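Asks: The numbering of the sequence shown is this note's numbering, which starts it at 561 and goes up by one.
Submitted below is the structure of interest, expressed as structure tokens.
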Amino acid sequence: MTGTGTGTTGTAHATTGAPGTNGHHPAGTRGLSARGLVKTYPLARNVFGRPTSRVRAVDGVDLEVTAGMTVGVVGESGSGKSTLGRLASLLDRPDSGTVVLDGRDTARLRGRELSEVRRSLQVVFQDPFGSLDPTKTIAHAVAEPLLVHGRVRRWGTTAAAEELLARVGLDAGLARRYPEQLSGGQRQRVCIARALALDPWLLVADEPTSALDLSTRSEILNLLLTLQQETGLSVLLVSHDFATVQHLAHRVAVMYLGRIVEEGPTLDVVREPLHPYTKALLSAVPVPDPQVQRGRRRILLHGDAPNPADPPSGCRFRTRCAYAMPSCAEVDPQLETVGTGHRVACLLHSEPGTPAGAPSPRTEG
Numbered sequence: 561m562t563g564t565g566t567g568t569t570g571t572a573h574a575t576t577g578a579p580g581t582n583g584h585h586p587a588g589t590r591g592l593s594a595r596g597l598v599k600t601y602p603l604a605r606n607v608f609g610r611p612t613s614r615v616r617a618v619d620g621v622d623l624e625v626t627a628g629m630t631v632g633v634v635g636e637s638g639s640g641k642s643t644l645g646r647l648a649s650l651l652d653r654p655d656s657g658t659v660v661l662d663g664r665d666t667a668r669l670r671g672r673e674l675s676e677v678r679r680s681l682q683v684v685f686q687d688p689f690g691s692l693d694p695t696k697t698i699a700h701a702v703a704e705p706l707l708v709h710g711r712v713r714r715w716g717t718t719a720a721a722e723e724l725l726a727r728v729g730l731d732a733g734l735a736r737r738y739p740e741q742l743s744g745g746q747r748q749r750v751c752i753a754r755a756l757a758l759d760p761w762l763l764v765a766d767e768p769t770s771a772l773d774l775s776t777r778s779e780i781l782n783l784l785l786t787l788q789q790e791t792g793l794s795v796l797l798v799s800h801d802f803a804t805v806q807h808l809a810h811r812v813a814v815m816y817l818g819r820i821v822e823e824g825p826t827l828d829v830v831r832e833p834l835h836p837y838t839k840a841l842l843s844a845v846p847v848p849d850p851q852v853q854r855g856r857r858r859i860l861l862h863g864d865a866p867n868p869a870d871p872p873s874g875c876r877f878r879t880r881c882a883y884a885m886p887s888c889a890e891v892d893p894q895l896e897t898v899g900t901g902h903r904v905a906c907l908l909h910s911e912p913g914t915p916a917g918a919p920s921p922r923t924e925g
């Protein structure tokens, strides 16, 4: 992979590659701000079909994305990261909390106003094989948003599609082909081209490389990085892979059981992770230097993740944490600032008089 798009502060890089108009997005003119997001899903229903219990997929999460910034959300399966992405992209509505896009509370928008706001953000889904209609040509798939919104006439769709395909590094001749004739990487590039059709300022990418082979993953990540740097495009990147997030994101938020447990500038979090869960995730990321890799130790977490429908009292991570103290079962830690833009929800970093001899986590060679 090429160099990362990270920086020591999120705002320092928010203006990178944003020269002005003509498809470019000046930093400071756009923004997404989510506050107190809660999203629950029915876990069981009674004979009348009414929910008798619910699981909190997202539980009181704040999220901020400004123009020209890439924000990564990382966590294990079941952490709530994909649900957070759906809330941010307005595909789902939260049970409570607000999503403010370009200064407008999306909960208050209806009809044309909501459609206008939705055009400013687009989604790239995980599965490029299921995201394209196999009966339609690539030109139709890419230009369809332009047709729906009256940006082009039907006779101009092929030319418009070819221009968009060129932006993502694909040959114009692919416009006349069908999805089954393309590789997985080419299909994902087509999905990105389609997402760019309406000139959004924000791209929500939910596990955009997880269905691809290793070499193709690198190509797609570099494409997203190039688009971000050249146009000022903002990206909300959802991934289970810390290496993917580290490659692209200016800032990173680590989720566990529906909550953010650590967030901050990506380089700060990677160089000095504070939450035990973040440390465990990073210990699984391979390092290119074989000598450094041999000297590293993998941090093993105790047991499986708790049932999200019945999370532990206090700190939700305590049942798997080697540093857990008695107070962790009683106090629900909140995000607290511990550095410049770096926040963590852990009693080890908020309680005065934390024992100096905290146990070391289990490791494997």
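In this text, a Cβ means the ideal position worked out from N, Cα and C, and glycines have one as well.
Quantities reported herein were computed from a predicted structural model and do not represent experimental measurements.
Given a threshold of 16 other Cβ atoms within 10 Å of its Cβ, counted over all protein chains shown, does Arg880 qualify as buried or as exposed?
Replies: The count along the sequence shown starts at 1 and reaches residue 880 at position 320. It is buried - the Cβ of Arg880 has at least 16 other Cβ atoms within 10 Å.
Asks: Taking 8 angstroms as the cut-off, decide whether the C-beta atoms of Leu725 and Val702 are in contact.
Replies: Residue mapping note: residue 725 aligns to position 165 of the sequence shown, counting from 1. Residue mapping note: residue 702 aligns to position 142 of the sequence shown, counting from 1. Contact flag set, yes.
Asks: Whose C-beta lies closer than 8 angstroms to the C-beta of Arg590 among residues of the same chain, with five residues either side of it excluded?
Replies: Here the question's residue 590 lines up with position 30 in the sequence shown. Once the five neighbours on either side are set aside, the close Cβ partners of Arg590 are Thr626, Ala627, Asp662, Ser680, Trp761, Leu762, Ser794.
Asks: Out of Leu817, Gly596, Glu822, which one is the CA nearest neighbour of Thr897?
Replies: The sequence position of residue 897 within the sequence shown is 337, counting from 1. The option with the nearest alpha carbon to Thr897 is Glu822.
Asks: Do the region 898-906 and the region 829-846 touch if we need at least three Cβ pairs shorter than 8 angstroms?
Replies: yes
Asks: What ranges does the beta strand (DSSP E) occupy inside the region 582-658, keeping only unbroken runs of at least 3 residues that lie completely in it?
Replies: 591-605, 611-626, 630-634
Asks: Taking 7 angstroms as the cut-off, is the CB of Ala699 close to at least one heavy atom of the ligand NAD?
Replies: Absence of the ligand NAD is noted for the structure shown, with no ligands found whatsoever.
Asks: Taking the straight line between their C-alpha atoms, what separation do you get for Arg811 and Glu790?
Replies: For the purposes of this step, residue 811 is taken as the residue at position 251 of the sequence shown. For the purposes of this step, residue 790 is taken as the residue at position 230 of the sequence shown. Those two C-alpha atoms are separated by around 19 angstroms.
Asks: For the beta strand (DSSP E) that contains Asp766, what are its first and last residues?
Replies: Locating residue 766 in the sequence shown gives position 206, where the first residue counts as 1. From DSSP, the beta strand (DSSP E) with Asp766 extends over 762-766.
Asks: I need the straight-line Cα distance from Gly913 to Leu742, nearest angstrom please.
Replies: Residue numbering aside, residue 913 sits at position 353 when the sequence shown is read from its first letter. Residue numbering aside, residue 742 sits at position 182 when the sequence shown is read from its first letter. Low per-residue confidence applies at Gly913: pLDDT is 44, beneath 50, and the placement is therefore not dependable, though the value from the model is reported in the following sentence. When rounded, the distance between both Cα atoms is 59 angstroms.
Asks: Using DSSP bridges, identify the partner residues of Val812.
Replies: For the purposes of this step, residue 812 is taken as residue 252 along the sequence shown, with counting starting at 1. DSSP output for Val812 lists Gly632, Gly824 as bridge partner(s).
Asks: For Phe877, which residues of its own chain have a beta-carbon under 6 angstroms away from its beta-carbon, when the five flanking residues on both sides are left out?
Replies: Working through the sequence shown from its first residue, we reach residue 877 at position 317. Within the same chain, Phe877 has close Cβ partners Tyr816, Tyr837.
Asks: Would a check of beta-carbon distances place Val712 closer than 8 angstroms to chain C?
Replies: Any reference to chain C falls outside this structure, which holds one protein chain only.
Asks: Please return the same chain residues whose Cβ sits closer than 6 angstroms to the Cβ of Val683, not counting the five positions on each side in sequence.
Replies: The sequence position of residue 683 within the sequence shown is 123, counting from 1. Same-chain partners within the cutoff: Ser649, Val764.
Asks: Could you give the distance in angstroms between the alpha-carbon of Ala587 and the alpha-carbon of Met629?
Replies: Within the sequence shown, numbered from 1, the residue matching residue 587 stands at position 27. Within the sequence shown, numbered from 1, the residue matching residue 629 stands at position 69. With a pLDDT of 47 at Ala587, under the threshold of 50, the predicted position of this residue should be treated as unreliable, and no value is reported.
Asks: Just verifying my parser: in three-state terms, what is the DSSP assignment at Gln682?
Replies: As a position in the sequence shown, residue 682 is number 122, starting the count at 1. Strand, per DSSP.
Asks: Pop quiz: Ile614 and Thr600 are said to be a contact at Cβ under 8 angstroms. What is the actual Cβ separation, rounded to whole angstroms?
Replies: To locate residue 614, count along the sequence shown from 1; it is residue 54. To locate residue 600, count along the sequence shown from 1; it is residue 40. The question names Ile, but residue 614 is Arg in the sequence shown. The Cβ separation is near 4 angstroms, so the contact holds.
Asks: To the nearest angstrom, how far is it from the Cα of Phe608 to the Cα of Pro602?
Replies: The sequence position of residue 608 within the sequence shown is 48, counting from 1. The sequence position of residue 602 within the sequence shown is 42, counting from 1. Straight-line Cα distance between these residues: approximately 13 angstroms.
Asks: Using the C-alpha atoms, what's the distance from Ile780 back to Ala882?
Replies: Reading the sequence shown from its first residue, position 322 is the one you call residue 882. Reading the sequence shown from its first residue, position 220 is the one you call residue 780. So the alpha carbons of these two residues sit roughly 37 angstroms apart.
Asks: When DSSP builds the beta bridges, which residues end up paired with Thr897?
Replies: Taking the sequence shown and counting its residues from 1, one reaches residue 897 at position 337. Its beta-bridge partners are Arg903.
Asks: Out of Arg858, Pro871, Asp801, which one is the CA nearest neighbour of Ser637?
Replies: As a working note, residue 637 is residue 77 in the sequence shown. Selected option, being the one with the closest Cα: Asp801.
Asks: Could you work out which residue in Arg595, Val728, Glu673 is closest to Gln788 when comparing CA atoms only?
Replies: Looking up residue 788 in the sequence shown gives position 228. Scanning Arg595, Val728, Glu673 for the CA closest to the CA of Gln788 turns up Val728.
Asks: Kindly indicate which three-state DSSP category Val847 falls into: helix, strand or coil?
Replies: Start at 1 with the first residue of the sequence shown, and residue 847 comes out as number 287. DSSP places Val847 in coil when its eight states are reduced to three.
Asks: Whole angstroms is fine: what's the gap from Ser910's alpha carbon to Cys888's?
Replies: In the sequence shown, residue 910 corresponds to position 350, counting from 1. In the sequence shown, residue 888 corresponds to position 328, counting from 1. Using only the alpha carbons, I get a separation of about 11 angstroms.
Asks: Jot down the residue ranges of each uninterrupted beta strand (DSSP E) in the region 732-812, minimum 3 residues, whole runs only, in chain order.
Replies: 762-766, 794-799
Asks: Quick one: measure Cβ to Cβ for Thr769 and Thr804, integer angstroms, because I've assumed they're closer than 8 angstroms.
Replies: As a position in the sequence shown, residue 769 is number 209, starting the count at 1. As a position in the sequence shown, residue 804 is number 244, starting the count at 1. Indeed, because the Cβ distance is near 6 angstroms, the residues count as touching under 8 angstroms.
Asks: Is the Cβ-Cβ distance between Gly635 and Gly596 less than 8 angstroms?
Replies: Within the sequence shown, numbered from 1, the residue matching residue 635 stands at position 75. Within the sequence shown, numbered from 1, the residue matching residue 596 stands at position 36. No, they are not a contact pair.
Asks: From this set, Val845, Arg737, His902, which residue's C-alpha is nearest Thr695's C-alpha?
Replies: As a working mapping, residue 695 is identified with position 135 in the sequence shown. That would be Arg737, whose Cα lies nearest to the Cα of Thr695.
Asks: Which same chain residues, not among the five before or five after His902, have their C-beta less than 6 angstroms away from its C-beta?
Replies: Mapped onto the sequence shown, residue 902 falls at position 342. Closer than 6 angstroms at the Cβ level, and outside the excluded window around His902, lie Gly824, Asp828.
Asks: Taking its Cβ as the centre, do 16 or more other Cβ atoms sit within 10 Å of Glu676, making it buried, or is it exposed?
Replies: Against the sequence shown, residue 676 aligns to sequence position 116. When all chains shown are included, Glu676 counts as exposed.
Asks: Hey, quick one: how far does the alpha helix (DSSP H) through Glu537 stretch, first residue to last?
Replies: Since the first residue of the chain shown is 561 and the last is 925, residue 537 is not available in this structure.
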